[in-house]
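Each number in the working numbering comes from the position in the sequence shown (counting from 1) with 4 added on. Since the structure comes first, as structure tokens, the remarks are kept for the end.
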Amino acid sequence: MIEILSQDRCVNCNQCVSVCPTNVFDPAAEEGGLPTIARKSDCQSCFMCELYCPTDALFVAPLAEQDADVNESALIEAGLLGSYRTNLGCTRGSKPTAGDDGSHIVFRRMHGH
5 MIEILSQDRC VNCNQCVSVC PTNVFDPAAE EGGLPTIARK SDCQSCFMCE LYCPTDALFV
65 APLAEQDADV NESALIEAGL LGSYRTNLGC TRGSKPTAGD DGSHIVFRRM HGH
């Protein structure tokens, strides 16, 4: 479930608003404002918002049905804010991870690569 939208990191690009399939976010209500988590209980933990956030301003806890007791400072210190995008290999300088996926390995073997 979506837990944090960092006020310090958010640049109001509204990517989270655009990509959320369940309309969890509302865009900024005023010029220079930030999006808000308006319907937290609708979050399905799909991680799309966290994946598309260019500034790693979001944290989605992996369990969709439970609120997590999270602290933004602790997440930053642990390197977890934006870690979903990094772990998928979607940040500059990170190693792509698709080749490590078991289904990708099976597909390559099936097709003689």
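Each residue gets a CB set at the ideal place from its N, CA and C atoms; glycine is no exception.
I need the straight-line Cα distance from residue i to residue j, nearest angstrom please.
i: E76; j: L85; result: 8 Å
i: P39; j: S107; result: 37 Å
i: S22; j: A33; result: 15 Å
i: D60; j: A78; result: 15 Å
i: V110; j: Y56; result: 29 Å
i: N91; j: E81; result: 17 Å
Indicate whether residue i and residue j have their beta-carbon atoms separated by less than 8 Å.
i: P25; j: M52; result: yes
i: Q19; j: P66; result: no
i: R13; j: E54; result: no
Within 10 angstroms of its Cβ, does residue i collect 16 or more other Cβ (buried), or is it exposed?
i: D73; result: exposed
i: L62; result: buried
i: M114; result: exposed
i: L9; result: buried
i: F29; result: buried
i: V64; result: buried
Assuming residue i contacts residue j under a Cβ cut-off of 8 Å, what Cβ separation, rounded to an integer in Å, is found between them?
i: C47; j: M5; result: 5 Å
State yes or no: is the beta carbon of residue i nearer than 8 Å to at least one beta carbon in chain C?
i: E54; result: In the displayed structure, chain C is absent; only one protein chain is listed.
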